[in-house]
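To start, the structure under review is shown below, and the notes come after it.
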Amino acid sequence: MIHIRAAGYAVTGGRDVLTIVDLPTRDPGPGEVRVRIHVSGVNPTDWKSRNGAIHMPIPDGAVQVPHLDGAGVVDAVGADVSHVRPGDRVWLWLIAFKRLEGTAQEFATVPADLVRRLPDSASFELGASLGVPFITAHHALTLRRGGPRRLAPGVLDGVTVLVAGGAGAVGNAAIQLAIWAGARVITTVSTEAKVRLARAAGARHVVGYRDQDAAEQIRRIAPGGVDIVVEVAPAVNVELDLAVIAQHGEIVVYANNGGDAVTMPVRSQMAQAVTWRFVLLYSMTADDLDDAVSSIDHALGDRALRVGEEFGLPLHHYPLDRIADAHAAVEDAVVGKVLVDVGR
Ligand SMILES: NC(=O)c1ccc[n+]([C@@H]2O[C@H](COP(=O)([O-])OP(=O)(O)OC[C@H]3O[C@@H](n4cnc5c(N)ncnc54)[C@H](OP(=O)(O)O)[C@@H]3O)[C@@H](O)[C@H]2O)c1
Numbered sequence: 098m099i100h101i102r103a104a105g106y107a108v109t110g111g112r113d114v115l116t117i118v119d120l121p122t123r124d125p126g127p128g129e130v131r132v133r134i135h136v137s138g139v140n141p142t143d144w145k146s147r148n149g150a151i152h153m154p155i156p157d158g159a160v161q162v163p164h165l166d167g168a169g170v171v172d173a174v175g176a177d178v179s180h181v182r183p184g185d186r187v188w189l190w191l192i193a194f195k196r197l198e199g200t201a202q203e204f205a206t207v208p209a210d211l212v213r214r215l216p217d218s219a220s221f222e223l224g225a226s227l228g229v230p231f232i233t234a235h236h237a238l239t240l241r242r243g244g245p246r247r248l249a250p251g252v253l254d255g256v257t258v259l260v261a262g263g264a265g266a267v268g269n270a271a272i273q274l275a276i277w278a279g280a281r282v283i284t285t286v287s288t289e290a291k292v293r294l295a296r297a298a299g300a301r302h303v304v305g306y307r308d309q310d311a312a313e314q315i316r317r318i319a320p321g322g323v324d325i326v327v328e329v330a331p332a333v334n335v336e337l338d339l340a341v342i343a344q345h346g347e348i349v350v351y352a353n354n355g356g357d358a359v360t361m362p363v364r365s366q367m368a369q370a371v372t373w374r375f376v377l378l379y380s381m382t383a384d385d386l387d388d389a390v391s392s393i394d395h396a397l398g399d400r401a402l403r404v405g406e407e408f409g410l411p412l413h414h415y416p417l418d419r420i421a422d423a424h425a426a427v428e429d430a431v432v433g434k435v436l437v438d439v440g441r
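Numbering of the sequence shown is given in the numbering used here, commencing with residue 98 and proceeding in unit increments.
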């Protein structure tokens, strides 16, 4: 049996629980694929799982290899797997969810349906940046009553989307997907540097969310109001959102940055028929996940998705043995995408 290098933790806790360990590789069983991981993507949910804020139990004596997202090359496939072959470049998503095998290791043996081919035009960095941010963003953009279940060019023509926090990883993904689908995109940020990043992501309209006249600025851009708000900080932004929401508009919340409790008026929202939706990757149905992943594949094929500072998402690379620093960067909300280079 071959042993491989992995990052892992046996108990949840601070970053010091992360260690580099040798683990045995596992041959893929029916419906499984073994992938040689090149890049592992880090998301806030990974450190929240590691510190126990998100409950993912680890059996006694076991090691949890972290990270949901990654990219690499298929090394072996089990029986009944036909959509990928050894040698294929692939992206992986939702890997460490309710599973001890995450992507922070040299080889991961995972369910084949969590592995998709990566076009030659897409880098491993892009592949490892897709899962959590782009699936979440896709879901947020496709919940609207009467709207499309899958994004594609033109399906959001005539729709105005407000992305709160356009320099964040999910914000960046929401901008890219909404633009690809034809929406008019407005985004909010806090600093001039983030204005540049949000524009680089493709947003034509960028507003400072702390500007006294943020609502007026958005109303000038979209006099009829905003159809979909993709919201990261509802407790902070509720007033702004309600000041710009269109009749029958929808506010989709995917995080509680800035506070968990939202105080809001009722009567005016009844008159406007506002809908609030709440999104959690872990609560999405298999159909919702399939719609998101299929649309992401479509957008990749169209070369519509990008990462890197020139596309609004600076990349921060760490070697596997500095995984604790990579987690620190995400915990400290570094601007951009944190990636762990597992092997090249
Ligand atoms: N529901 C889900 O399934 C799901 C999926 C993915 C992520 N999340 C959660 O979503 C959050 C963001 O994740 P991420 O990976 O995108 O993190 P990130 O890259 O650190 O981005 C967070 C962004 O939120 C912005 N922000 C904070 N307060 C804001 C406000 N009041 N108005 C507008 N923007 C504001 C920040 O900008 P400033 O610094 O300029 O304020 C930053 O750009 C995390 O809490 C994460 O756990 C949830």
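Glycine residues also receive a C-beta, built at the ideal position from the N, C-alpha and C atoms.
TODO: Taking only the alpha-carbon atoms, compute the straight-line gap between Ser287 and Arg403 and give it to the nearest angstrom.
DONE: For the purposes of this step, residue 287 is taken as residue 190 along the sequence shown, with counting starting at 1. For the purposes of this step, residue 403 is taken as residue 306 along the sequence shown, with counting starting at 1. Cα to Cα, the separation comes out at about 22 Å.
TODO: Could you check which residue in Asp310, Val431 and Thr257 has the C-alpha nearest to that of Gly322?
DONE: By 1-based counting over the sequence shown, the position of residue 322 is 225. Minimum Cα distance to Gly322 is reached at Thr257.
TODO: With a threshold of 6 Å, establish whether the CB of Ser48 neighbours any heavy atom of ligand 1.
DONE: Given a span of 98 to 441 for the chain in the structure shown, any question on residue 48 remains unanswerable.
Open item on the list: What would DSSP say about Asp324, mapped onto helix, strand or coil?
Closed with: Here the question's residue 324 lines up with position 227 in the sequence shown. Note: Asp324 maps to strand in three-state DSSP.
- [ ] For the segment 202-268, list the alpha helix (DSSP H) runs that are entirely contained and at least 4 residues long, ordered along the chain.
- [x] 221-238
Open item on the list: For Arg293 and Leu120, what's the separation of their Cα atoms in angstroms?
Closed with: Locating residue 293 in the sequence shown gives position 196, where the first residue counts as 1. Locating residue 120 in the sequence shown gives position 23, where the first residue counts as 1. Roughly 43 Å separates the two Cα atoms.
Open item on the list: Quick check on Ser380: buried or exposed, where buried means 16 or more other Cβ atoms within 10 Å of its Cβ?
Closed with: As a working mapping, residue 380 is identified with position 283 in the sequence shown. With fewer than 16 Cβ atoms within 10 Å of its Cβ, Ser380 is classed as exposed.
- [ ] Please indicate yes or no: does the CB of Ala430 lie closer than 6 Å to some heavy atom of ligand 1?
- [x] As a first step, residue 430 is located in the sequence shown; it is residue number 333 there, counting from the start. Yes - ligand 1 has a heavy atom lying nearer than 6 Å to the Cβ of Ala430.
Task: Own chain residues within Cβ distance below 6 Å of Ser392, not counting five before or after - done: Numbered from 1 along the sequence shown, position 295 holds the residue referred to as residue 392. For Ser392, where only same-chain residues beyond five positions count, the Cβ hits under 6 Å are His235, Arg247 and Leu248.
- [ ] For Pro141, count neighbouring C-beta atoms within 10 Å of its own C-beta (all shown protein chains included) and say buried if the count is 16 or more, exposed if not.
- [x] Position 44 of the sequence shown, counted from the first residue, corresponds to residue 141. Pro141 is buried by the Cβ-count criterion.
TODO: Take the Cβ of Ala430 as the centre, count every other Cβ of all protein chains shown within 10 Å, and call the residue buried at 16 or more, exposed below.
DONE: The residue labelled residue 430 in the question sits at position 333 within the sequence shown. Exposed, because fewer than 16 other Cβ atoms sit within 10 Å of the Cβ of Ala430.
Task: Assigned exposure category for Pro230 - 16 Cβ within 10 Å defines buried - done: On the sequence shown, position 133 is the one that residue 230 refers to. Its Cβ being crowded by 16 or more others within 10 Å, Pro230 is buried.
Task: Straight-line gap, Phe221 to Met361 (C-alpha atoms, nearest Å) - done: Reading the sequence shown from its first residue, position 124 is the one you call residue 221. Reading the sequence shown from its first residue, position 264 is the one you call residue 361. Their backbone Cα atoms lie some 43 Å apart in a straight line.
TODO: Measure from the alpha carbon of Val329 to the alpha carbon of each residue in Glu347, Gly262, Gly346 and Ile276, then state which is nearest.
DONE: Within the sequence shown, numbered from 1, the residue matching residue 329 stands at position 232. The candidate whose alpha carbon is nearest that of Val329 is Gly262.
Open item on the list: Among the candidates Ala401, Asn354 and Leu412, whose CA atom is the shortest distance from the CA of Val432?
Closed with: As a first step, residue 432 must be located in the sequence shown, where it is residue number 335. Comparing Cα-Cα distances from Val432 to each of Ala401, Asn354 and Leu412, the minimum goes to Leu412.
Open item on the list: Using DSSP's beta-bridge definition, name the partner residues of Thr285.
Closed with: Sequence index remark: in the sequence shown, residue 285 carries index 188 (1-based). BP columns for Thr285 point to Ala261 and Val304.
- [ ] Please indicate yes or no: does the CB of Lys291 lie closer than 6 Å to some heavy atom of ligand 1?
- [x] As a working mapping, residue 291 is identified with position 194 in the sequence shown. Flag set: Cβ of Lys291 near ligand 1.
TODO: Measure the alpha-carbon distance for Val136 versus Ser365 and round it to whole angstroms.
DONE: Within the sequence shown, the letter at position 39 stands for residue 136. Within the sequence shown, the letter at position 268 stands for residue 365. About 48 Å.
- [ ] Taking only runs that begin and end inside the segment 154-191, name each unbroken beta strand (DSSP E) of 3 or more residues, in chain order.
- [x] 166-174 and 186-189
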